[in-house]
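Residues in the sequence shown are numbered from 73 upward in steps of one, following the working numbering.
Beneath this line is the structure, given in structure tokens, with notes to follow.
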Amino acid sequence: MMSCNSSVTHVQLSTLGKAERTTVHLMPCEIEHNGPAQVSQYFSATTKDRKQDKTVSFRGRGLRGAELSCPQGYTGLVLKEDRTVKVSSVFDKLTYWNLETPPNSDDMVVMAMDWPELAEAVSSNNINNMKTRMQPIVK
């Protein structure tokens, strides 16, 4: 489920099995287009040999990007809203773009990719600590 403005939107997960894998670019701007685009024809990035950094020019602005993988065990969803919300495609990695500077560990999107692993570590650590504290002390 997705939450938006205090209302709940239900995603039809039955459409997940029909969804195709796609390439995803997360851009640092708003593009007034909603739908497929010929990205590979008009938007090709160059990759530096030494690093994972990608560079591209988009409408005269320099963009720097990096490929981010979804956290292990997670799949990214591209949603399409008609009268209902359906899964139109899925992805396991995306290219995240910044204006002029390469993505780094302080970017919210990069930090978000680490969140499931951090939450699992904190959650399992708390449970183990609680079990340890709750065990009776025998002398």
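Virtual Cβ for every residue (Gly too), placed ideally from N, Cα, C.
Being a predicted model, the structure only gives us computed values, none of them experimental.
The beta strand (DSSP E) enclosing residue i, as first and last residue numbers
| i | result |
| --- | --- |
| S177 | No beta strand (DSSP E) contains S177, which DSSP labels as neither H nor E. |
Residue(s) in a DSSP beta bridge with residue i
| i | result |
| --- | --- |
| V162 | R93 and L149 |
| L98 | Y168 |
| V83 | V157 |
Expected contact under 8 Å - CB spacing of residue i and residue j to nearest Å
| i | j | result |
| --- | --- | --- |
| G137 | W169 | 4 Å |
| T156 | E139 | Actually they do not touch by this definition, with Cβ atoms about 31 Å apart. |
| T87 | K158 | 4 Å |
| M183 | P143 | So it is not a contact: roughly 12 Å between Cβ atoms. |
| A91 | V162 | 5 Å |
query = Which full runs of the beta strand (DSSP E) of 3+ residues lie inside the stretch 103-140, going along the chain?
reply = Complete beta strand (DSSP E) runs here, min 3: 126-130.
Can at least three beta-carbon pairs, one atom from the stretch 167-187 and one from the stretch 128-135, be found at a separation below 8 Å?
yes
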